Amino acid sequence: MLPSRLLHFFLLTTVTIFFSCSASRKIDRSAQSLLLKREGILNAHVGISIFDPETKTYLYKHQADKYFVPASNTKLFTMYAALKYLGDSIVGIRFHETVDSIYLQPAGDPTFLHPDFIKQPIVEWLQKTNKELVISDANFTDKELGFGWAWDDFNSGYMAERSPLPIYGNVIKWTQVIEKAEDQSGKPTDNAFVFSEPEISWKVNFNPAKSDRFNVIRERNSNIFYITEGKEILNTREVPFVTNGVLSALDLLRDTIGRSVLYVPAGSAKPPTALKHSQLRDSLLAIMMHRSDNFFAEQVLFMCSQQLFGVMNTSKIIDTLLKGDLRNMPQVAKWVDGSGLSRYNQFTPNSIIWLLQEIEKLGSRQQIQAILPGANEGTLAGYYKEMPGAIYAKTGTLSGHLALSGYLTTRKNRRLLFSVMVNNHNSSAVTIRRSVEAFLKEIYQKY
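The sequence shown begins at 49 in my numbering and counts up one residue at a time.
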C-alpha cells in the first residue's frame, strides 16, 4: 500500500492531468470555431498558448513553439528590462559640476519636455543655474532608426528617431486652424493659420495649392518641412524631426531655457559624477504600454543600456539580456528592437508565457495591472467591455500581423496567462481582434 502522502500526491496529479486534458479538448473546440477556422484567419499562421500558473500546466497549445512576428508584444520584453534595471525613478541627466561649468551627459530620457509630463525637474534645474552648460553625446553608440524598420515611414509620428537627448518626443506637432472671416467686400472667407509646437527656426515651405486634408512632409535627411493646407477647421500632424545626435535638441532647448548649451566632442567631455532623476518609472511604462508608444519603448532600452554599460546601444543590452536573465526561455527569441516596429523580431507564444511569469517576479500584481491596459482601456479600448478587471494585456499590430498576450482571470476566479499570435493574415486588423476577443471571452466565461 502506498504511503498516505504519496497517495495524496498521486491522486492530486491524476486529477490535475485529467482536468488539463479535458480543458484542452474544450478550449481546442473553442479555438477551432471562434478563431482558427474563421474567414481571414483560416490561411494565416496562428500560435496559441494558455497557461495555468497555479498548477504550472498548459491548458492549451497550438503551434506554441513556433516563431511569430510579435509586433508590439515586443514591448513586454522592454517592460521586463525596465522593471529589472531602471529603479523606481528614471535618470533624467548625468553631469559633472565644476566651479563655473556643468558638463552634461544625456541619459536618453524620453520624458524630457514631453507634453505628457507637465513637471520637468531637469528643465527647472537647467534654468536656475548660471554656470556654463556643456554637453557631449559620446555615450550614444547606436543609430537613429532601428534594425529592420521601414525607412519610408520616417515621416510618420509613430516612428520618431531615437536619440541620446530626446526632446518633445522627437516630433514637431503641426496644427492648422481655420477661422471664419470676411474679405474687404464683406464676403465670407476662410483664414488658415498654421503653427508648430515647439516653435522652430528650421525651413518651412508652403504648397501654393490647397488640399482636402492638412498635411506636413519632411525631407528625408534634413529638417525642411513642406506644408499643404487643408479644408478642415482643425487638424494636427506629428512629424518626426532629424535629431542629428543632440544638435537638434540643443537648438530646440535654447528657446526653452533661454540660453545655449555648448556641444563638445567626446575627448573634451568630463565623465559624470552625479545624476538627477526626472519621472517615476512606472508612469512612463504605463503610457508606453497603454498607448503602445514606440518612441518610449526604444528610449527605455537605451536607458537600460546606459545603466548597465555606460553607453546607449540597443544590440548590446538585448544580447546581454538574452544571454543572461532570459537565457531559460523555452525557445530562444530573435529580438532586435524595443518597440516591435521591426519584422525581424521573432518570438514563440510559449516564450511569451515564460516572460509573463518572469515579469510577475519583478512587480506586484497591482503594479503590473497599472502598467498594462485592461478591458476597454488604451489599445484595448472598445474590446472586452464585459470583462472589467479580468484582462490585462499587450496588443501588437503590424500589417498582416497581430498579437495579444497577458493575464486573464476567469469568472471562476482562475488566473491564466495567454498568448495569441496571428501572422500573415489577409483580413482587417479589427476582424482578427474580434475573433481573438471571442475566443478569450469563451475561456473567461467557462473556465
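Here a beta-carbon is modelled for each residue, glycine too, at the ideal position from N, C-alpha and C. Please read all numbers here as calculations on a predicted model, not as lab measurements.
For residue i, list the residues DSSP reports as bridge partners.
| i | result |
| --- | --- |
| E180 | S149 |
| Q224 | V242 and N283 |
| K258 | DSSP lists no partner for K258. |
| V264 | I275 |
| Y495 | In the DSSP output, where bridge partners are listed per residue, Y495 has none listed. |
| T368 | Paired residues: none, contrary to the question. |
| S467 | S97 and S453 |
| F289 | BP columns for F289 are empty, so no partner. |
Give me the residue from the options with the minimum Cα distance to residue i.
| i | options | result |
| --- | --- | --- |
| S476 | T445, F188 and L488 | T445 |
| I183 | S149, T223 and Q354 | S149 |
| A71 | R481, R462 and R339 | R462 |
| P221 | F357, D238 and N283 | The identity of residue 221 in the sequence shown is Lys, whereas the question assumes Pro. Minimum Cα distance to K221 is reached at N283. |
| A79 | G293, T105, K109 and E245 | K109 |
| T146 | E227, G196 and K318 | K318 |
| P214 | P158, T276, L450 and P236 | P158 |
| K179 | F195, K167, E192 and L152 | L152 |
| S447 | N471, T457 and I439 | N471 |
| N424 | H473, P118, E247 and T443 | T443 |
| E485 | K74, L82, R73 and R77 | L82 |
| C293 | Y311, F344 and R261 | It should be noted that the sequence gives Gly, not Cys, for residue 293. Nearest of Y311, F344 and R261 to G293, Cα basis: Y311. |
| E247 | T223, F254, K258 and D260 | T223 |
| C9 | D113, K74, Y128 and S120 | Residue coverage of the chain in this structure runs from 49 to 495, which leaves residue 9 outside it and unanswerable. |
| N91 | N474, T105 and K324 | N474 |
| I141 | I166, T237, D164 and N187 | N187 |
| F395 | K123, I305 and T103 | K123 |
Quick one: is residue i buried, meaning 16 or more other Cβ sit within 10 Å of its Cβ, or exposed?
| i | result |
| --- | --- |
| S390 | buried |
| V309 | buried |
| T62 | Below a pLDDT of 50, predicted positions are generally treated as unreliable, and T62, at 47, falls in that range; the measurement from the model is reported next regardless. Classification of T62: exposed, given that the 10 Å Cβ count is below 16. |
| R459 | exposed |
| I480 | buried |
| F243 | exposed |
| L193 | buried |
| F202 | buried |
Against chain C, with Cβ distances strictly below 7 Å, would residue i count as a contact?
| i | result |
| --- | --- |
| K85 | No chain C is present in this structure, which holds just one protein chain. |
Between the region 351-369 and the region 170-179, do at least 3 Cβ pairs fall closer than 8 Å?
Verdict: no, contact absent.
Are the region 415-423 and the region 323-334 touching, with three or more C-beta to C-beta distances below 8 Å?
yes
Three CB pairs or more closer than 8 Å across the region 376-385 and the region 458-468
no
Completely contained beta strand (DSSP E) runs for the region 296-345, where each covers 3 or more residues
322-328
Check whether the region 82-99 touches the region 297-317, taking contact to mean three or more Cβ pairs, one atom from each stretch, closer than 8 Å.
Contact between the region 82-99 and the region 297-317 is absent, because fewer than three Cβ pairs lie under 8 Å.
Which parts of the region 88-168 are runs of the beta strand (DSSP E), unbroken and 3 residues or longer, counting only runs that do not cross its ends?
As far as the region 88-168 is concerned, its whole beta strand (DSSP E) runs of at least 3 residues are 93-100, 105-110, 137-145 and 149-154.
Using 8 Å as the threshold, is the region 422-441 in touch with the region 483-491, meaning 3 or more CB pairs across them?
Judged by Cβ distances under 8 Å, the region 422-441 makes contact with the region 483-491, as three or more pairs qualify.
Closer than 8 Å is the cut-off here; do at least three beta carbon pairs connect the region 204-214 with the region 264-280?
no
Counting Cβ pairs closer than 8 Å, one from the region 96-104 and one from the region 395-402, do we hit at least three?
yes
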